[in-house]
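With UniProt numbering applied, the sequence shown covers 1 to 178.
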Amino acid sequence: MKNDKSLKVASPEKLKSAKVAAGLDIGISAKNAQAVANKLQQLLSDEQILYAKTRNYHWNIEGPNFMEMHKFYEGLYGELAEVIDQIAERIRKIGHYAQGRLEDFLKQTNLLEGEYTNDQNTQLRNLLSDHEVIIRNLRNDIKDFEDKYKDVGTTDFVTGLLQEHEQWAWFLRSYITK
Numbered sequence: 001m002k003n004d005k006s007l008k009v010a011s012p013e014k015l016k017s018a019k020v021a022a023g024l025d026i027g028i029s030a031k032n033a034q035a036v037a038n039k040l041q042q043l044l045s046d047e048q049i050l051y052a053k054t055r056n057y058h059w060n061i062e063g064p065n066f067m068e069m070h071k072f073y074e075g076l077y078g079e080l081a082e083v084i085d086q087i088a089e090r091i092r093k094i095g096h097y098a099q100g101r102l103e104d105f106l107k108q109t110n111l112l113e114g115e116y117t118n119d120q121n122t123q124l125r126n127l128l129s130d131h132e133v134i135i136r137n138l139r140n141d142i143k144d145f146e147d148k149y150k151d152v153g154t155t156d157f158v159t160g161l162l163q164e165h166e167q168w169a170w171f172l173r174s175y176i177t178k
């Protein structure tokens, strides 16, 4: 199948018009729900890039502890897949569509894809850096979700994600050799 050049990356305007449920009455204004959906879409993009990077490292790890790292990465990308699904579903719960095109993710992410590497320490440092970027962004966004957008449900949801990323960052730090 040929690439259809008429398909374009979702612009911010398109994202803003991607509401699902007109008249949704869940105690959050339409404006606030849109702002929350946009922030969650950014997070979804970051998680997708992190997932792809982790999966790639799983495929290409080498070294004396290959099997341990192979299994570690497999567990990590499995948990990231769950997080990705939960974020997309949260976007839907507040009345919006989750954008799922790879091109959109690459344009919206705060993370870098990075170069291919099979060096364990480089992989671990790259993943740790990405988790720390997400942790910092989540800390900032949590305040907005609660105070600015009055969305306690998303605040609680994202607080749980913050705790998961903190744990993954701890695991990664524990593997890194000086």
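Glycine included, each C-beta is placed from N, C-alpha and C at the ideal position.
Values in this document were obtained by computation on a predicted structure and should not be read as measured data.
Across the structure, residue 95 and residue 35 are spaced so that their CA atoms are roughly 12 angstroms apart.
In this structure residue 142 is in contact with residue 159, their Cβ atoms being roughly 6 angstroms apart against a cut-off of 8 angstroms. The alpha helix (DSSP H) runs of length 4 or more contained entirely in the segment 9 to 88 are, from start to end of the chain, 12 to 16 and 30 to 60.
Segment contact: the segment 108 to 116 against the segment 76 to 91, fewer than three CB-CB distances shorter than 8 angstroms; contact not assigned. Judged by their CB atoms, residue 98 and residue 42 are not nearer to each other than the 8 angstroms cut-off.
Comparing C-alpha distances from residue 76 to each of 59, 89 and 88 shows the shortest one belongs to 59. Under a 10 Å Cβ-count criterion, residue 69 is classified as buried, with 16 or more other Cβ atoms of the shown protein chains found around its own Cβ. Around residue 49, the same chain offers 105, 109, 111 and 113 as residues with beta carbons nearer than 7 angstroms, after the five sequence neighbours per side are excluded.
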